[in-house]
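Report on the following structure.
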Amino acid sequence: MNRTLAALLISYPLLASPVAAGETLREQSERTLDAQGIGSLAVENPRGAVRVIPGPAGSIRVTALKIVRAHDLETAREFARETGRCGSGSYR
């Protein structure tokens, strides 16, 4: 393989990453729900990790960490406002 092509293929993800040129905004939210009457739990997260661990009997605690990366802080804040919880128990 051509050395120039190999160097471009290796460096392209670094150039395309918004992290190198911008701001990172982190928001954490937490909510505890009564588990009475809840028979199942579904968690959807299109990007990132989801971890479910046992907690105190009779309650469900949800902790969400939202990380937004953008070229500037105002754009990150705007995107963070548009991305969040919707409804009583689901997030978008």
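Residues -21 to -1, 1 to 71 in mature numbering (1 follows the signal peptide of the UniProt record, and there is no 0) are what the sequence shown lists, from first letter to last.
Cβ coordinates follow ideal geometry from the N, Cα and C atoms, glycine included.
Buried or exposed (CB count within 10 angstroms, at least 16 for buried), residue i
i, result
"A28", "exposed"
For residue j and residue i, believed in contact at Cβ under 8 Å, the rounded distance
i, j, result
"A43", "L4", "The Cβ separation is near 14 Å, so there is no contact."
"I17", "I32", "16 Å between Cβ atoms; not a contact."
Straight-line gap, residue i to residue j (C-alpha atoms, nearest Å)
i, j, result
"A49", "A59", "10 Å"
"E53", "I46", "14 Å"
"residue 99", "L20", "Not covered by the structure: residue 99. The range shown for the chain is -21 to 71."
"G34", "V22", "16 Å"
Contact check, residue i vs residue j, beta carbons under 7 Å
i, j, result
"E2", "D51", "yes"
Cβ of residue i within 7 Å of any chain B Cβ
i, result
"R10", "No chain B is part of this structure, which consists of one protein chain only."
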